[in-house]
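Let me begin by presenting the structure, written as structure tokens, before commenting on it.
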Amino acid sequence: MPRLFDFYAPLFSLGLALQAQDAAAPAPAQAARLAQQQLMHARTQALEAGHLLAHVESAAFAVVAWLDEVLAGLPDAPGDPLQLMLFNSTTAATEFFHHLSALGPHESQVREVYWYALAMGFHGQYHFERDHDAGMLARLKALHAAQLPLAPIRPSAWGAWATVPGTPAVAPRRSREPRPWRFAVFAAAMAALALACAVMRPGMDG
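Mind the numbering: the sequence shown is residues 22 to 227 in this note's numbering, read in order.
Printed below as a string of structure tokens:
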């Protein structure tokens, strides 16, 4: 089953294009409409893939909160934020962090979406923090990065997303973060293989 994050990758792509002021990026009002279409598609596809409704909606809220900040920073920003139209909310700046703090260990894929929203510049109630690598935002990113199911995509690869999405795309592949126990299992398997080869070799030589 595709990861929950993969369904929302086109929306992150759209937001990055707007942040970069890509020449191909649509006007803010058009971008808001495109975001709504992409969001509906992401929700439908994620549910059909077997993700829980609560997880799909929570991830959608995180992306919408981030996109609203991106759109608000542009000239001619849309009057009504996406959060109001889609979630009947005007307090995503604080709700985002409430939802994030309430995530349990079994909701790592939802946490992943929230983490990327933070990593891509979401400030919310911490709008006064100018340096995203210090303060509460930095601590939150570090705390939740350690709980992600996969190693994060390197920021240097985000530029590949900064294009206006047409059809939903699968996010770039992320390598699984090395864990000590994985190295131990791999080493044990290699040792067993070497022992088996050593036992078999005399018979093969004869």
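Idealized CB from N, CA, C, for every residue including glycine.
Apart from the five residues just before and just after E116, which ones in its own chain have a Cβ nearer than 6 Å to its Cβ? none
Looking at L107: is its Cβ nearer than 8 Å to the Cβ of L60? Taking 8 Å as the Cβ cut-off, L107 and L60 qualify as a contacting pair.
Along the chain, where does the alpha helix (DSSP H) that runs through G36 open and close? L25 to Q40
Is the Cβ-Cβ distance between S129 and L95 less than 8 Å? No. Outside cutoff.
Span of the alpha helix (DSSP H) around H119: A113 to A123
Count the other CB atoms, across all protein chains shown, that sit within 10 Å of the CB of D101; report buried if there are 16 or more and exposed otherwise. That one is exposed.
Where Q168 sits in the DSSP three-state scheme: coil
Once DSSP output is grouped into helix, strand and coil, what is the label at P186? At P186, the pLDDT of 43 sits below 50, so the modelled position is not reliable and the matter cannot be decided from this model.
May I have the straight-line CA-CA distance separating A192 from H148, to the nearest angstrom? Summary for A192: the model assigns pLDDT 47, below 50, so the residue's position carries little reliability; its value from the coordinates is reported in the next sentence. Taking the straight line from one Cα to the other gives about 28 Å.
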